[in-house]
Amino acid sequence: MQVVIFKLKDEQFAVETSGVQTISEAMTITKVPNSPKYVKGLINLRGSVLSMLDLNLLLEIGENSSQQQSTIILKLEEELVGVSVDEVDEVLDVDEDIIENIENENRKSYEKGVINFKDRIVTFIDIDKLITAV
């Protein structure tokens with residue numbers, strides 16, 4: 001399975017590439033008055049207007065004071081949405097046997113598990129469950 005690994009604050013997360021439409025540099029966001037807090041605004045992707053979601057808020061890791069450098073465009077069912085991340089680290093092929101389940105009461109429904117690399121642990125998330133939960 002292929003995953004995109006990205007960074008938010010000091011944490012690393014992974015999503016399956018099957019849900020990723022494209023990755024680009026940070027995009028200009030147009031704010032939308034009275035929108036939910038998790039909606040940062042709207043972006044223009046090659047003539048299409050997409051919602052830009054606040055992944056920091058959705059993942060409950062707090063606001064980021066630094067400028068986010070990358071935008072990941074995700075395909076959710078028939079809709080495209082954007083999320084801004086601090087940095088896209090890499091795209092990797094991952095063996096499913098290194099993905100470990102999280103077995104505790106604090107586990108969130110969108111967490112598929114953790115990917116246990118030798119030098120780091122990356123939280124593997126189900127982006128569909130995360131976005132549809134809001």
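Residue numbers for the sequence shown, in full-length UniProt numbering: 1 to 134.
Even for Gly, the Cβ is constructed at its ideal location relative to N, Cα and C.
All figures in this text were calculated on a predicted structure; none of them were measured in a lab.
Approximately 4 Å separates the beta-carbon atoms of Gln2 and Thr17; this is inside 8 Å, confirming the contact. Straight across, the Cα-Cα distance linking Glu96 with Leu130 is about 21 Å.
The continuous beta strand (DSSP E) containing Thr22 extends over residues Val20 to Glu25.
By the 16-neighbour rule on beta-carbons within 10 angstroms, Ser48 is exposed. Counting C-beta pairs closer than 8 Å gives three or more between the segment 82-97 and the segment 35-55, which meets the contact rule. Taken atom to atom, the span from the alpha-carbon of Val122 to that of Gly41 is near 28 Å.
Every alpha helix (DSSP H) of 4 residues or more that sits fully in the UniProt domain "CheW-like" (1-134) is shown, in chain order, as 55-58 and 127-132.
For Ile115, the closest C-alpha among the options Glu78, Ile98 and Glu63 is that of Ile98.
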